[in-house]
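Working notes for the structure below.
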Amino acid sequence: MTADHAPVAAGFTALEADAPHLVQLRRRTEAQLGRLSDALPTVPVLDDDDLFRGAEPAGVIEPGLSVVVCGSYGRGEAGPQADLDSYVLYEPERAAEARARVLARRVHGAAKAAGIRQPADGGAFESAQSTDALINTIGGVADVNQITTRRLLMLLEGRALAGEAVFRRTLDGLIATYVQDHHGRDDPATFLLNDVIRYYRSICVDFEMKTRGAEAKGWGLRNVKLVFSRKLLYVSGVVAAAETAALAVEEKRRLLGGLLGRPPIDRMLDVCGPMALAPALSHYDRFLAALDDPANRAALDVPPAEARALPLYRELKDEAAGFSRELMILIETRYPADHPLRLRLVL
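Heads up, the sequence shown stops at 390 in the working numbering, and the numbers go up one at a time, no gaps.
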């Protein structure tokens, strides 16, 4: 098993009493990613694919490419029902887009070999993303939904399955864009904060669009995910930005470099500690346990009226309300009323 897929850290296992299912899923995720990483260089050569040929050590890919894993595998909470969400980053000055697409197909083959579910839309495994587009389009007309999504997921829950150097250079480039030399010491990485807020609110609006008409069948399951995993992603990004207040520019960048590009719970643990985070995660754990049961997922995959009539849905919404309350307590405790974050979240 590679260093990227090491055993669960002691700080995380401290949550076992309050979030046993979460810790169990983290162990499973690390084992699955280890198998995927091991399988990647063994996938039979496709056409002129020599990405791994002669590579030393085994599994090192050619320069300029990185496999980014996000979704439940990126968050470290992948159960048997989880799909592998991934894309391939490429640095245009070091690797061609065509090579990135070849690598994406290899990820598809490796996932199959490792017994990992794949999205129904296989095109996700043939997707390639230029690092330049991620870094240089923030807020512009070219910052389309797909690029925004890939950028924020890389920052907030992404991890490198392969090509750690490219992943790190891209992360550093994004952070340097979000935290510029002229930004003041008191600024809580407002550029980043605004992008995190924008992305989360876009997810909320997107939910309404995707659950109308014929698509309403999946409303219950999508709604539950929105109020748990998507909310956790959002709060973990807000917290990362808030921690930069009162730091000099280089210190802001250094701090963000350690907090971003990691699972959101790990980031929250670093900032808040396991004792403060445990009450929120006990609610989150019950959500994960419920969705790990295929029968529960099928029951929730219904339109609004049917979902609201389900005891399971009502129980999970009660858990979601408790989860939100505990997250608010965390924010209000760590960032008092005069903290610059509080103003920027509202105005």
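Beta carbons: idealized from backbone N, C-alpha and C, even for Gly.
- Query: For Q124, which three-state DSSP category applies?
  - Reply: For Q124, the secondary structure class from DSSP, reduced to helix, strand or coil, is coil.
- Message: Could you pull the DSSP bridge partners for Y130 from this structure?
- Response: The partner list for Y130 (beta bridge, DSSP) reads V111.
- Beta-carbon proximity of A232 to V222, cut-off 7 Å: Remark: C-beta atoms of A232 and V222 approach each other more closely than 7 Å.
- Item | Of the residues L108, P379, Q124, the one placed nearest R340, counting alpha carbons only | Nearest Cα to R340 within the set L108, P379, Q124: Q124.
- Message: Threshold first: 4 residues or longer. Then list the alpha helix (DSSP H) segments lying entirely within the segment 142 to 220, N to C.
- Response: You should have 174 to 179, 188 to 200.
- At least 3 beta-carbon pairs within less than 8 Å: the segment 133 to 153 vs the segment 349 to 362: The segment 133 to 153 vs the segment 349 to 362: no contact.
- Integer Cβ distance of V131 from L108, believed to fall under 8 Å: Going by Cβ atoms, the distance from V131 to L108 rounds to 6 Å, so yes, they are a contact pair.
- Less than 7 Å separating the beta-carbons of L276 and L343? One thing to note: L276 has its Cβ no nearer than 7 Å to the Cβ of L343.
- Query: Which word fits N266, buried or exposed, when buried means at least 16 other C-beta atoms lie within 10 angstroms of its C-beta?
  - Reply: Buried: at least 16 other Cβ atoms inside 10 Å.
- Query: Between the segment 300 to 316 and the segment 50 to 70, do at least 3 Cβ pairs fall closer than 8 Å?
  - Reply: Taking a cut-off of 8 Å on C-beta distances, the segment 300 to 316 touches the segment 50 to 70, as three or more cross pairs fall below it.
- Item | Distance, L204 Cα to T45 Cα | Confidence at T45 is low in this model, with a pLDDT of 43, below 50, so the placement of that residue should be treated as unreliable; the coordinate-derived value is given next. Spanning the two alpha carbons is a distance of roughly 10 Å.
- Item | Straight-line gap, A321 to G301 (C-alpha atoms, nearest Å) | The straight-line gap from Cα to Cα measures roughly 22 Å.
- V345 vs R202 beta-carbon contact at 7 Å: No, they are not a contact pair.
- Nearest residue (CA-CA) to A214, options L196, C315, E136: Residue identity check: residue 214 is Leu in the sequence provided, not Ala. Considering only alpha carbons, the answer is L196.
- Task: Kindly indicate which residue of A147, G304, S279 has the alpha-carbon position closest to the one of A171.
- Result: With distances taken between CA atoms, A171 lies nearest to A147 out of A147, G304, S279.
- Distance, Cα to Cα, G183 vs A219? Counting only the Cα atoms, A219 lies some 17 Å from G183.
- Query: Using the C-alpha atoms, what's the distance from S245 back to V187?
  - Reply: Using only the alpha carbons, I get a separation of about 12 Å.
- Kindly list the residues whose CB is nearer than 6 Å to the CB of Y243, restricted to its own chain and excluding five residues on each side of it in sequence; keep chain order. Hits under 6 Å: Y277.
- Item | Nearest residue (CA-CA) to A139, options D81, A57, T174 | When each option's Cα is compared against that of A139, the closest is T174.
- Message: Please tell me whether A350 and W262 are closer than 7 Å, where the distance is taken between their beta carbons.
- Response: It is a contact, given that the beta carbons lie within the stated cut-off.
- Message: Spatial neighbours of F271 within its chain, please: C-beta separation below 7 Å, excluding the five flanking residues on both sides.
- Response: Cβ neighbours of F271 beyond the five flanking positions: Y327, F330, A363, F366.
- Name the residue from D126, A121, I178, A380 whose alpha carbon lies nearest to the alpha carbon of L65. When each option's Cα is compared against that of L65, the closest is A121.
- Task: Starting from the Cα of N237, find the closest Cα among M252, T191, K260 and give me that residue.
- Result: When only C-alpha atoms are compared, the closest one is T191.
- Item | Boundaries (first-last residue) of the alpha helix (DSSP H) holding S367 | 354 to 377 is the extent of the alpha helix (DSSP H) around S367.
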